[in-house]
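Student: Using the working numbering, the first residue of the sequence shown is number 16, and each one after it goes up by one. C-beta: ideal position from N, C-alpha, C; glycine also.
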Amino acid sequence: MWFVPTGEILASGKWSVSGYRRGTNFIQGYTNIGDFAGTVGYGIKDRAEIFGSFLFDTRIDRDVKPLFVQDANFGGVLDRYPRVNQAWTGDNVGDFYVGAKVNLWSEYRQNPLAIAVRGIVKLPTAKDSVGNGTGKADFSIDGIISKEAAKLVETAGYAGWEFRGKPDGFDAPSGAFHYGVGVTFPSRNFLRVFGELNGTVPNQDTITMASATAIRATDGTFPPLISATENIHRATIGLTVQAKNGFFAGIGGSWNVPTRARNLAFTDDDQLGDYYDWQLRIGYHPGVRVYVPPPPPPPPPPPPPPPPPEHTLTVRVQCDPCEVEVGKSSTVTATVQDSQSCSVTYRWSAPSGTLAQPAERQTLWTAGQQEGSVPVTVTVTCPTDNKTATDTVNIRVTRPPVRQYMFEDVHFDFDRYTLRPEATRVLDEAVTAMRETPTLRLTIEGHTCSIGTAEYNLALGDRRANAVKDYLTSRGVTADRLQTISYGEERPKYDNSREETRRLNRRAALVVRLQ
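Given below as structure tokens:
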């Protein structure tokens, strides 16, 4: 992709070359690092790829003024470039990286995804007097996975550890975890959009100088004895154009974190582009290997023509559905197999029920009012030689089950017969059921708790039952389907000796009657 590799490798004997510009921004010193590099890769026996990347120009721009400030977070040294002591280093040779990637799984070999292991060695070729490197060798090892989906989207990710050499005169991080994930779309088009997230997390939060005067800037300032390191995380998006002959060019934009607003007391440079940078590359890559299925074998020679076959005629009946309720219908279909492709005639029959089109290949059969298994038979006839075939299907006729209804009680406040807001949910369920079942009737029972006289409670229960009835009729239920009765306190459903259960007796019950 760009910073994120895939698990695939170059085919055996294939080369790739490229040149690129990489930009990275740091809080420390408000520094921008611009690297210009050339790379080359070579595939070995479809299992490995060796490569090298030479930073032929590394430019470092430090915007803090003065160059060092006694603030460990932004006025100190960079752990990967600790000896930079000037605002602009100019054009200088950087480090040289060599490595190898070993492919373990490949989609070319029809594995579900690509898996590889990569090792990289950094050779310290950077110009020591300028400080655009640590002056020490590094080594890193990574695990890489990638997957192309539907020849349209390719995703990749890697993670690994970097073993760092410590620069002389500094107690710097000796290692760092690094990672990256990315996606490219469309993966096989000449114009591709990519997005990546990669980062590095060193194993120390600080870098410490052995001597407070080990580094002196060109303006005479000294860095703090201890400087903070940074966990760099970079998000990149961009475009790559690649021709069919392998030549490509790409451009992208990156934003990296952490970020921190400049302290304007220590810089007079424009901070508009802080933590944003541009990436550029151009080169040649023949592409990775892809699986190509072998050509199909040639078709066998045609067999000699067979002798004229005997006339065979069969028919098969299918029902849909094969179980219906009384008075309901099933579609029966005849499927004919005929060695002479004869235009057959159809004749359907059944001992009960009715057939809509008994002379057609497909017809509707409607069940009668008797339960049980009914055989439906079709007979097909070829008019050229009067050959016939018959098949029967049994359709089970059942009666619909009687639906059971049960509704929750409608509860009322003490000495009240007005409906609570939550009662409408229960009553709306009853309205829906009565609309669906015309034979459904309800007896509405009014109940009370034991507080009050029997005569008063009998009247209160009647008012509660009628409040429910009034709501149901307002929703379209006819009054002749509703019956009310009051039991007052005579039929308590719950214990009347305790208020927590007594309050549940202030209710109206919906008793179902089916006709």
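1. Between Ala-141 and Val-108, which are expected to be in contact by the criterion C-beta below 8 Å, what is the C-beta distance as a whole number of angstroms?
2. Between which two residues does the beta strand (DSSP E) holding Asp-143 run?
3. Counting Cβ pairs closer than 8 Å, one from the region 436-452 and one from the region 469-479, do we hit at least three?
4. For Ile-241, I'd like the list of residues in its chain whose CB is within less than 7 Å of its CB, leaving aside the five on either flank, ordered along the chain.
5. Start and end of the alpha helix (DSSP H) containing Asp-477?
6. Name the DSSP bridge partner or partners of Glu-169?
7. What residue ranges within the region 256-286 form continuous beta strand (DSSP E) runs of no fewer than 3 residues, ordered along the chain?
8. Suppose you measure from the CA of Glu-515 to the CA of Asp-495; what does that come to, to the nearest Å?
9. Within its chain, find whatever has a CB closer than 7 Å to the CB of Thr-394; leave out the 5 residues flanking it on each side and keep chain order.
10. Might you give, ordered along the chain, the residues of its own chain that have their beta carbon closer than 6 Å to the beta carbon of Pro-217, omitting 5 neighbours on each side?
11. Quick check on Asn-520: does DSSP put it in helix, strand or coil?
12. Quick check on the DSSP output: the beta strand (DSSP E) that includes Glu-504 runs from which residue to which?
13. Do the CB positions of Leu-497 and Ile-459 come within less than 9 Å of each other?
14. Assuming Val-408 and Val-391 form a contact by the criterion Cβ under 8 Å, report the distance between their Cβ atoms to the nearest whole angstrom.
15. Less than 9 Å between the C-beta atoms of Ile-247 and Thr-215, yes or no?
16. Let's see if you can read the secondary structure: which residues bound the beta strand (DSSP E) around Glu-64?
17. Take the Cβ of Tyr-432 as the centre, count every other Cβ of all protein chains shown within 10 Å, and call the residue buried at 16 or more, exposed below.
18. Given that a residue counts as buried once 16 or more other Cβ atoms are within 10 Å of its Cβ, and exposed if not, what is His-193?
19. List in chain order: all unbroken beta strand (DSSP E) runs of 3+ residues lying wholly within the region 88-159.
20. Hey, out of Asp-106, Leu-442 and Asp-430, whose CA is closest to Arg-74's CA?
21. From the DSSP output, which residues share a beta bridge with Ile-459?
22. His-426 bridges to which residues according to DSSP?
23. List, from N- to C-terminal side, the beta strand (DSSP E) runs of 3 residues or more that fit wholly inside the region 353-385.
24. What is the rounded straight-line gap between the Cα of Gln-355 and the Cα of Pro-312?
25. Taking the CB atoms as reference points, tell me whether Cys-357 and Leu-328 lie closer together than 9 Å.
26. On the three-pair Cβ rule with 8 Å, is the region 58-75 touching the region 335-344?
27. Identify, in the order they occur along the chain, each residue of the same chain with its Cβ nearer than 7 Å to the Cβ of Asp-400, setting aside the five sequence neighbours on each side.
28. When burial is assigned at 16 or more other CB atoms within 10 Å of the CB, is Ile-156 buried or exposed?
29. Return the CA-CA distance between Tyr-299 and Pro-315, expressed in angstroms with no decimal places.
30. Can you check which of these residues, Pro-273, Ile-266, Glu-375 and Pro-310, is closest to Gln-294 by C-alpha distance?
31. Kindly give me the distance between the Cβ atoms of Thr-54 and Ser-33, rounded to whole angstroms, as I take these residues to be in contact under 8 Å.
32. Should Trp-30 be labelled buried (16 or more other beta-carbon atoms within 10 Å of its own) or exposed?
33. May I ask which residues mark the beginning and end of the alpha helix (DSSP H) holding Arg-450?
34. Determine the burial state of Ser-345: buried for a count of at least 16 other Cβ atoms within 10 Å of its Cβ, exposed for fewer.
35. Give me the residue from Thr-463, Asp-292 and Thr-199 with the minimum Cα distance to Ile-500.
36. Specify the secondary structure class of Gln-294 as computed by DSSP and reduced to three states.
Tutor: Considering the structure as presented:
1. 6 Å
2. Segment: none, Asp-143 is in no beta strand (DSSP E) and carries neither H nor E.
3. no
4. Ala-87, Thr-221 and Thr-223
5. 469-489
6. Glu-163 and Thr-199
7. 262-272
8. 36 Å
9. Arg-362, Thr-403 and Thr-405
10. Pro-188, Ala-191 and Thr-244
11. helix
12. Element bounds for Glu-504: n/a, residue is neither H nor E.
13. yes
14. 6 Å
15. yes
16. 63-77
17. buried
18. buried
19. 111-120 and 129-138
20. Asp-106
21. Thr-499 and Leu-525
22. Arg-522
23. 360-364 and 377-381
24. 33 Å
25. yes
26. no
27. His-326
28. exposed
29. 45 Å
30. Ile-266
31. 5 Å
32. exposed
33. 438-451
34. buried
35. Thr-463
36. strand
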